[in-house]
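Count along the sequence shown from 1, add 35, and you get the number used in my numbering.
Idealized CB from N, CA, C, for every residue including glycine.
Here is the structure we will look at, set down as structure tokens.
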Amino acid sequence: MNTRGTADARGAVGSASWGPAARVHGMGTSIFTEMTELARSTGAVNLGQGVPELESPAALLKDVADAVLAGNNQYPPAVGFPALREAVAAHQLRRYGLDYRPQGEVLITTGATEALAAALLALCDPGDEIIAFDPCYDAYAADARLAGARLVGVPLVLDGDGFALDADALRAAVSPRSRVLLLNTPHNPTGKVFTAGELALIAEVCVEHALTVVTDEVYEHLAYDGARHLPIAALPGMRERTVVISSAGKTFNVTGWKVGWVCGPAPLVAAVGAAKQFLTYASGTPYQEALARMLGSVEEWAGELRTTLSSHRDLLTDGLTRAGLRPFRAEAGYFVQADVRPWGYEDGVRFCRELPERAGVVAIPTSAFYVSADAPAWLVRFSFCKREESIRTAVEQLISAE
Numbered sequence: 036m037n038t039r040g041t042a043d044a045r046g047a048v049g050s051a052s053w054g055p056a057a058r059v060h061g062m063g064t065s066i067f068t069e070m071t072e073l074a075r076s077t078g079a080v081n082l083g084q085g086v087p088e089l090e091s092p093a094a095l096l097k098d099v100a101d102a103v104l105a106g107n108n109q110y111p112p113a114v115g116f117p118a119l120r121e122a123v124a125a126h127q128l129r130r131y132g133l134d135y136r137p138q139g140e141v142l143i144t145t146g147a148t149e150a151l152a153a154a155l156l157a158l159c160d161p162g163d164e165i166i167a168f169d170p171c172y173d174a175y176a177a178d179a180r181l182a183g184a185r186l187v188g189v190p191l192v193l194d195g196d197g198f199a200l201d202a203d204a205l206r207a208a209v210s211p212r213s214r215v216l217l218l219n220t221p222h223n224p225t226g227k228v229f230t231a232g233e234l235a236l237i238a239e240v241c242v243e244h245a246l247t248v249v250t251d252e253v254y255e256h257l258a259y260d261g262a263r264h265l266p267i268a269a270l271p272g273m274r275e276r277t278v279v280i281s282s283a284g285k286t287f288n289v290t291g292w293k294v295g296w297v298c299g300p301a302p303l304v305a306a307v308g309a310a311k312q313f314l315t316y317a318s319g320t321p322y323q324e325a326l327a328r329m330l331g332s333v334e335e336w337a338g339e340l341r342t343t344l345s346s347h348r349d350l351l352t353d354g355l356t357r358a359g360l361r362p363f364r365a366e367a368g369y370f371v372q373a374d375v376r377p378w379g380y381e382d383g384v385r386f387c388r389e390l391p392e393r394a395g396v397v398a399i400p401t402s403a404f405y406v407s408a409d410a411p412a413w414l415v416r417f418s419f420c421k422r423e424e425s426i427r428t429a430v431e432q433l434i435s436a437e
């Protein structure tokens with residue numbers, strides 16, 4: 036019998052069901068893809084994506100090459116090489132005083148992106164709510180959706196030339212369905228480092244409402260001007276409810292290697308591992324081996340990288356100001372936010388679509404990172420993890436286009 040009939044709204048025909056699932060509806064071409072293509076087609080300087088143009092440690096690259104040539108190219112253990120898990124645990128203890136057992140409380144993942152997806156799949160059920168601070172990394176909403184949960188954005192408020200926590204908005208966002216609080220500090224895309232006072236307030240809310248915390252700390256080594264990253268897991272009562280996520284990509288300028296890690300209490304890490312094993316199982320054998328040796332000397336390398344990046348940030352911030360835009364303070368990370376209204380734009384999307392032809396520069400509208408409806412449409416994100424020559428060229432072109 037022919038069951039094919041007219042297509043329904045989902046793409047089903049008759050009683051047959053075909054086509055993509057609702058959970059991936061709308062996850063197609065994004066503003067990031069559009070802006071990257073604009074950069075390619077116009078030859079514009081791409082300050083949109085956070086892809087570093089800076090060098091990686093020479094010793095780390097040699098170690099990887101040696102590991103590949105030595106034949107270390109097969110699956111690593113599902114939980115990661117013991118040496119890297121030990122190095123991650125030692126790093127957490129040395130830097131933050133957080134004591135994790137390499138066996139059972141540290142898990143190696145295919146980048147922080149996989150760790151975030153696995154964590155939300157493992158810790159949320161359909162109908163749960165996940166609280167995050169808005170604007171936020173675009174993968175958060177997608178991961179929540181894949182888990183059947185809903186991401187609830189708590190907007191960070193503009194505070195002078197920076198961003199601040201709105202305590203009342205955070206408390207108002209908590210509901211009986213709240214399950215996880217997803218905290219990104221240092222924060223992408225604003226460059227904010229949450230203060231000790233803000234973290235204490237967040238911790239208080241999480242304890243009061245029995246929330247599990249998932250942290251995204253991939254910029255942990257890239258805080259500037261004397262600011263220092265403080266993991267919320269180090270606060271009283273938080274270690275036992277917090278899954279800490281970080282990675283090597285931003286710290287060592289090796290974003291293509293996709294090596295990340297999860298630290299936390301054994302029951303939570305085991306749950307994340309249960310989901311992770313059916314995503315990639317395991318990856319990055321030669322990279323894991325090399326990073327296990329490099330992580331012990333991260334402080335010296337990261338100090339030099341911070342000096343370079345803060346100099347590039349200052350160059351870009353000064354250039355945006357001279358071009359007539361209004362930049363906000365970037366305390367960490369790769370990005371500077373700017374108010375584009377001085378150029379006559381109320382809409383950052385239109386600004387970014389016209390900027391490559393007008394100034395030969397590509398940026399990203401910050402509205403692409405907002406979950407909540409009240410996003411300031413006039414904010415735009417510029418990246419400074421580029422070569423100095425790239426930033427100078429972009430600045431000169433912006434000033435000329437004013």
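Inter-segment contact for the segment 304 to 321 and the segment 212 to 231 is absent: fewer than three beta-carbon pairs are separated by less than 8 Å. Using a Cβ-Cβ distance cut-off of 8 Å, the segment 113 to 121 and the segment 323 to 341 are in contact, since at least three pairs of beta carbons, one from each stretch, lie closer than that value.
Between G85 and F370 the beta-carbon gap is near 7 Å, inside 8 Å, which marks them as a contact. Contact check for C159 against F404 fails: the beta carbons are separated by 7 Å or more. In the DSSP annotation of this structure, the continuous segment of the alpha helix (DSSP H) that includes V304 starts and ends at A301 to K311.
With 16 or more neighbouring CB atoms inside 10 Å of its own CB, S281 falls in the buried class. Excluding residues up to 5 positions away in sequence, K293, G295, K311, L314 and T315 lie with their Cβ nearer than 8 Å to the Cβ of E149 in the same chain. Restricting attention to beta strand (DSSP E) runs no shorter than 3 residues, the segment 356 to 394 encloses them at 370 to 374, ordered along the chain. Taking every protein chain shown into account, the CB of T68 has fewer than 16 other CB atoms within 10 angstroms, so this residue is exposed. In this structure Y135 is buried. Its beta-carbon is surrounded by 16 or more other beta-carbon atoms within 10 angstroms.
Residue state for L89 is assigned as coil, using DSSP reduced to three classes. Residue pairing for L193: DSSP places it in a beta bridge opposite F198. Residue F417 holds the alpha-carbon nearest to the alpha-carbon of P87 among E431, A94 and F417. Cβ contact annotation for A258 (same chain, cutoff 6 Å, sequence separation greater than five): P221, V228, H264 and A367, in chain order. Under the DSSP assignment, R214 falls in the beta strand (DSSP E) whose first and last residues are S213 to N219. In the displayed model, R416 falls within a strand according to three-state DSSP.
Secondary structure note for D169: it is in no alpha helix (DSSP H), and the uninterrupted beta strand (DSSP E) holding it is E164 to D169. Judged by their CB atoms, A268 and T277 are nearer to each other than the 7 Å cut-off. Between E164 and S213, the C-beta spacing is below 7 Å. Straight-line spacing of the CA atoms in E381 and P411 works out to 9 Å. For G139, the CB contacts under 7 Å within the same chain, skipping 5 residues up- and downstream, are A301 and V304 in chain order.
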